[in-house]
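If you count the sequence shown from 1, position 15 lands on 38 in the numbering used here, and the numbers rise without skipping.
Glycine is no exception: its CB is placed at the ideal position from the N, C-alpha and C atoms.
Keep in mind that this is a model prediction, so the values were computed, not measured.
I have placed the structure first, in the form of structure tokens, so that the comments after it can refer back to it.
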Amino acid sequence: IMLNDQGFVAECTGDNIFIVKNGKVTTPPVSSGALDGITRRAVMEVLAEMGVPCVEAVMTRFDIYTADECFLTGTAAEVIAAVQYDRRPIGDGAPGKLTVEVTKRFKALANSTGTPVTYA
């Protein structure tokens, strides 16, 4: 987890962070130092299509400790569950239902767009 100069969560080392608490998804705003990543934006669109509230808000380490779920997004990682932080389990310590569904829907989106690459 990378903190900004004010001590708030900005992002991870190469990935954006999202937390789920009481059915609402939160991610740090770009103004906190988060990269306005392509995958981040796509996941926010997926959440909107699912009817899941997603807000950009200042995030603290405590927010991560008390989250029901946590996932990271990035070009290489796509969507990946984070199940512990500082050796503490996040939620029940396993990928949550929303994280699993977002991962599935993002993979479907990624596979339905883009340009196929053939290898010789």
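| query | result |
| --- | --- |
| Coarse secondary structure for N155, derived from DSSP in three states | Residue 155 is absent from the model: the chain starts at 24 and stops at 143. |
| Reference N45; option with closest CA among E92, M25, I24 | E92 |
| Cutoff 6 Å; reference L70; Cβ partners in own chain excluding five residues on either side | V48, C77 |
| Beta-carbon proximity check, F41 vs T126, cutoff 8 Å | no |
| Coil, strand or helix - R84 by DSSP | helix |
| Presumed contact (8 Å Cβ cut-off) between I87 and I113, rounded CB distance | 7 Å |
| Selection from R84, A117, A90, V102 that minimises the alpha carbon distance to R64 | V102 |
| Distance between beta carbons of P51 and M82, contact taken as under 8 Å | 5 Å |
| Supposed close pair L121, V66 - CB separation, criterion 8 Å | Not really, about 11 Å apart at Cβ, beyond 8 Å. |
| Beta-carbon gap between L58 and E79 smaller than 8 Å | no |
| CA nearest to the CA of D28, picked from N39, S54, G37, G74 | S54 |
| Backbone CA spacing between P139 and A131 [nearest angstrom] | 14 Å |
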